[in-house]
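Below is one structure, written out as structure tokens; comments come after it.
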Amino acid sequence: GNVRKAVDAGLSETEALRALTSTPASWLGLSEQLGSLKQGRVANVLVTDGPLFAQGTHIVEHWVAGQATPMRDRHPLDLTGTYNVNVEDSVYAVEVKGEPSAWKASWTVNDSTDKKVLLTLDNRTVVFRIPTADGPIRLTGNVWMESRIWEGSGQTADGRWVDWSAIRNADEDSAPDAQEVEAEEEASDVAEVPELETLDEEEDGLDLSGVVYPFTAYGTPDRLEAETVWIRNATVWTCEEEGVLDGADVLVHEGKLVAVGTQLNPSELLPAGVVPVELDAKGKHVTPGVIDEHTHIAVDRGVNEGTQASSAEVWIGHSVNSEDVNMYRQLAGGVTCAQILHGSANPIGGQSAIVKFRWGSEPRELLFEDAVPFIKFALGENVKQSNWGDGYRSRFPQTRMGVEQVYYDHFIRAREYGMAQLEHLAALRSAKRKDIREGRGPLEPRVDLELETLLQILREERFVTCHSYRQDEINMLMHVADSLGFRLNTFTHILEGYKVADKMAEHGAGGSSFSDWWAYKYEVKDAIPYNGAVLHNQGVVTAFNSDDAEMARRLNQEAAKAYKYGRVPEEEALKFVTLNPAKLLHIDHRTGSLKAGKDADVVVWSDHPLSVNAKAEQTFVDGVRCFDKDRDLALREAMRLERARLTAKMYDAGQASGAAGQKRPSERIQSHYHCDTLTDENR
Numbered sequence: 028g029n030v031r032k033a034v035d036a037g038l039s040e041t042e043a044l045r046a047l048t049s050t051p052a053s054w055l056g057l058s059e060q061l062g063s064l065k066q067g068r069v070a071n072v073l074v075t076d077g078p079l080f081a082q083g084t085h086i087v088e089h090w091v092a093g094q095a096t097p098m099r100d101r102h103p104l105d106l107t108g109t110y111n112v113n114v115e116d117s118v119y120a121v122e123v124k125g126e127p128s129a130w131k132a133s134w135t136v137n138d139s140t141d142k143k144v145l146l147t148l149d150n151r152t153v154v155f156r157i158p159t160a161d162g163p164i165r166l167t168g169n170v171w172m173e174s175r176i177w178e179g180s181g182q183t184a185d186g187r188w189v190d191w192s193a194i195r196n197a198d199e200d201s202a203p204d205a206q207e208v209e210a211e212e213e214a215s216d217v218a219e220v221p222e223l224e225t226l227d228e229e230e231d232g233l234d235l236s237g238v239v240y241p242f243t244a245y246g247t248p249d250r251l252e253a254e255t256v257w258i259r260n261a262t263v264w265t266c267e268e269e270g271v272l273d274g275a276d277v278l279v280h281e282g283k284l285v286a287v288g289t290q291l292n293p294s295e296l297l298p299a300g301v302v303p304v305e306l307d308a309k310g311k312h313v314t315p316g317v318i319d320e321h322t323h324i325a326v327d328r329g330v331n332e333g334t335q336a337s338s339a340e341v342w343i344g345h346s347v348n349s350e351d352v353n354m355y356r357q358l359a360g361g362v363t364c365a366q367i368l369h370g371s372a373n374p375i376g377g378q379s380a381i382v383k384f385r386w387g388s389e390p391r392e393l394l395f396e397d398a399v400p401f402i403k404f405a406l407g408e409n410v411k412q413s414n415w416g417d418g419y420r421s422r423f424p425q426t427r428m429g430v431e432q433v434y435y436d437h438f439i440r441a442r443e444y445g446m447a448q449l450e451h452l453a454a455l456r457s458a459k460r461k462d463i464r465e466g467r468g469p470l471e472p473r474v475d476l477e478l479e480t481l482l483q484i485l486r487e488e489r490f491v492t493c494h495s496y497r498q499d500e501i502n503m504l505m506h507v508a509d510s511l512g513f514r515l516n517t518f519t520h521i522l523e524g525y526k527v528a529d530k531m532a533e534h535g536a537g538g539s540s541f542s543d544w545w546a547y548k549y550e551v552k553d554a555i556p557y558n559g560a561v562l563h564n565q566g567v568v569t570a571f572n573s574d575d576a577e578m579a580r581r582l583n584q585e586a587a588k589a590y591k592y593g594r595v596p597e598e599e600a601l602k603f604v605t606l607n608p609a610k611l612l613h614i615d616h617r618t619g620s621l622k623a624g625k626d627a628d629v630v631v632w633s634d635h636p637l638s639v640n641a642k643a644e645q646t647f648v649d650g651v652r653c654f655d656k657d658r659d660l661a662l663r664e665a666m667r668l669e670r671a672r673l674t675a676k677m678y679d680a681g682q683a684s685g686a687a688g689q690k691r692p693s694e695r696i697q698s699h700y701h702c703d704t705l706t707d708e709n710r
């Protein structure tokens with residue numbers, strides 16, 4: 028383009044060609060190999076269909092070292108003719124006219140009305156769209172045998188993917204009438220979805236009956252409500268002293284567990300007139316809901332503030348995203364509750380949010396009521412910016428020794444801040460009321476949200492979960508906490524915890540570990556899959572976490588690794604993702620086990636919960652069936668139909684407005700955050 032402008036302005040084509048070939052080859056000292064067409068030179072060649080710098084010239088072939096890459100067909104295919112296009116059990120007679128630069132196609136309805144078929148050909152790939160009474164059929168495929176046969180795949184009007192083929196009529200006069208041959212509809216075995224409506228435009232505006240909760244994929248027309256459910260004849264993993272009960276029942280009412288045991292009689296346990304929904308779970312397993320102590324899903328606009336060493340004043344609960352589809356996917360893996368954490372960009376991160384996966388609720392409704400507050404700390408490579416690049420060398424700390432001093436500096440200042448508050452209260456008590464009323468009382472210390480948060484830790488009103496790997500740093504932070512008079516609640520990841528498990532138990536810290544991660548960066552080179560078992564055997568409250576949107580869907584399988592590596596008993600292994608994380612989060616009085624009076628966070632599994640074959644068939648959160656395998660199939664079918672409808676409408680709108688009125692849609696993809704994710708999403 029720019030060289031062509033130079034030619035139009037007077038530069039000779041010969042000089043222009045040299046500027047692109049022989050001149051740069053000479054500058055690079057490669058004139059004996061490149062830059063000209065001469066015997067012995069490397070066979071780098073362009074083949075065009077006209078003068079190189081002329082308007083409308085196209086590159087036909089691009090040769091590199093003797094290997095040709097076709098860019099355009101030297102001999103364009105002649106698509107002219109009538110084709111019988113077979114899509115499932117329907118046949119469409121499509122006539123193609125025109126020339127390679129502007130093919131025109133149509134098919135005839137009822138022997139009289141021609142309908143335009145939008146068709147494009149790129150090399151040997153044909154793309155076309157057949158309008159039908161039920162909506163457009165979009166087809167893509169390859170052209171074979173000099174355009175005698177086309178075949179490929181496409182989408183029907185209702186969004187289903189199908190294979191198709193087209194055969195050109197050998198004798199145009201013998202072509203059948205151009206009409207659609209409809210096949211008898213066959214009964215569908217797809218789950219019915221009459222309750223899932225779509226948005227329909229009406230004359231007086233929009234019909235909003237298609238609004239779903241949440242307003243995203245897998246939303247339902249009405250908000251899900253708590254049910255009264257009697258789960259019968261199941262193998263029940265209570266995660267309590269009762270252990271595993273065979274042929275047992277679980278009774279749920281008003282979001283709570285009413286009873287767990289054998290031979291339950293709902294009429295004696297439920298209020299008069301309440302009839303439960305019976306769920307026969309014979310051959311299935313029932314467990315408490317899975318709890319993920321460490322996640323970064325269901326949050327918007329990033330998880331890290333990398334410009335300062337402490338962001339204790341920030342609460343991630345302000346950024347909770349109740350429409351994150353990862354919650355639904357994890358409900359399908361039995362997860363009912365999680366702690367959303369900031370990343371590990373700084374030694375002192377932000378305040379966490381403990382949430383329940385109440386699918387279809389508002390962001391504030393996800394927050395776990397009355398949960399004690401937590402905060403994220405971090406150690407290791409991330410906080411000292413080891414692998415951030417040369418542009419990150421100015422923020423303190425830059426060494427592991429500096430990380431220790433960050434904690435001392437901030438906590439000493441927080442303690443002094445608290446002492447100033449106490450001194451102010453003492454001065455208020457001793458001041459005269461008249462002086463206070465007239466504004467001559469003692470001045471109140473400034474409010475510092477960062478130090479307020481750290482002061483809560485010193486007063487044991489807020490608890491710490493700390494990103495950690497190496498034993499020396501784990502030891503260091505426990506020493507800092509001991510010297511300042513507070514306890515570290517949880518070391519998360521804790522891959523060298525097995526080296527200091529006895530010291531962790533003595534300090535009173537829990538461990539929320541990866542099950543079997545190692546060798547993904549240098550500071551985890553000593554990680555072993557027996558870490559969880561060692562911590563557990565030393566008396567440390569041990570859990571497994573995901574730190575990953577995908578792994579959280581298989582936390583039951585992660586728990587099984589505690590049995591595989593270290594032979595932790597199966598019941599105790601399951602607690603690694605149920606009761607133990609509940610204990611670490613101080614919510615075990617509400618959830619984490621199946622016990623009368625606790626929240627009805629329950630999962631019905633198709634198989635042994637530690638088996639790779641186990642699938643969550645129903646997941647209840649506070650008695651609400653937030654995931655159901657049958658409803659899931661119906662939702663998928665509804666989404667397929669809705670996607671097809673919207674795609675057709677967008678296509679029609681684009682065709683109606685023409686090229687000038689079309690605008691490329693902008694897509695915002697939901698990010699998958701991890702501890703080390705750094706983004707700038709607020710611009």
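Going letter by letter, the sequence shown gives residues 28 to 710 in this note's numbering. Backbone N, C-alpha and C define an ideal beta-carbon position, used for all residues, glycine too.
First through last residue of the beta strand (DSSP E) which encompasses residue i
i      : result
Glu320 : Val317 to Thr322
Ser495 : Phe490 to Ser495
Proximity winner among the options, relative to residue i (alpha-carbon distances)
i      : options                           : result
Gly344 : Asn583, Ser337, Thr243 and Lys403 : Lys403
Arg581 : Ile164, Ala661, Lys124 and Leu637 : Leu637
Gly407 : Trp342, Val551, Ala600 and Glu281 : Val551
Thr96  : Leu73, Asp116, Glu115 and Thr84   : Leu73
Thr605 : Trp544, Tyr590, Thr569 and Leu478 : Thr569
Gly559 : Tyr547, Asp574, Glu577 and Glu599 : Glu599
Gly468 : Asp475, Gly538, His102 and Ala454 : Ala454
Tyr435 : Lys656, Ser457, Leu478 and Val474 : Leu478
Arg68  : Ser49, Thr84, Asp105 and Leu393   : Ser49
Ala308 : Asn196, Arg45, Leu297 and Leu272  : Leu272
Ala372 : Leu358, Tyr355, Gly360 and Gln412 : Gln412
Gly181 : Phe518, Arg175, Asp190 and Ser174 : Asp190
Glu450 : Glu471, Arg440, Arg460 and Val352 : Glu471
Val287 : Ala244, Gly300, Glu268 and Val301 : Glu268
Tyr525 : Tyr496, Ser192, Val302 and Ala193 : Tyr496
Inter-residue Cα distance where the pair is residue i and residue j
i      : j      : result
Ala52  : Asn71  : 12 Å
Asp634 : Ser128 : 60 Å
Tyr590 : Pro248 : 42 Å
Thr265 : Trp545 : 32 Å
Val410 : Val326 : 21 Å
Val118 : Gln82  : 42 Å
Asp553 : Glu523 : 7 Å
Asp397 : Glu585 : 29 Å
Thr289 : Ala275 : 4 Å
Leu284 : Arg391 : 24 Å
Gln366 : Arg672 : 38 Å
Thr75  : Glu59  : 24 Å
Arg31  : Phe80  : 6 Å
Gly162 : Leu612 : 53 Å
Cys364 : Leu278 : 20 Å
Contacting residues, own chain, Cβ-Cβ under 7 Å from residue i (five flanking each side not counted)
i      : result
Leu722 : Because the chain here runs from 28 to 710, residue 722 falls outside it and cannot be looked at.
Val239 : Gly246, Thr247 and Pro248
Ala214 : Unreliable positioning characterises Ala214 in this predicted model, as indicated by a pLDDT of 35, which lies under 50. A coordinate reading is not provided.
Gly186 : Arg667, Leu668, Arg670 and Ala671
Coarse secondary structure for residue i, derived from DSSP in three states
i      : result
Ala627 : coil
Val330 : coil
Ser337 : strand
Asn558 : helix
Pro608 : helix
Lys602 : helix
Ser117 : strand
Opening and closing residue of the alpha helix (DSSP H) in which residue i lies
i      : result
Asp35  : Asn29 to Asp35
Arg652 : Taken as a continuous stretch (DSSP letters only), Arg652 belongs to no alpha helix (DSSP H), being part of the beta strand (DSSP E) at Val651 to Asp655.
Ile521 : Ile521 -> no alpha helix (DSSP H), and no H or E assigned at all.
Gly512 : Per DSSP, Gly512 belongs to no alpha helix (DSSP H) and is neither H nor E.
Ala546 : Element bounds for Ala546: n/a, residue is neither H nor E.
Asn583 : Leu582 to Lys591
Chain-order list of residues whose beta-carbon lies under 6 Å from that of residue i (same chain, five-residue window excluded)
i      : result
Val433 : Ala336, Pro374 and Pro424
Cβ-based neighbour list, residue i, same chain, cut-off 8 Å, excluding 5 preceding and 5 following
i      : result
Arg489 : Gln378, Val399, Pro400, Phe401, Ile402, Thr480 and Gln483
Asn29  : none
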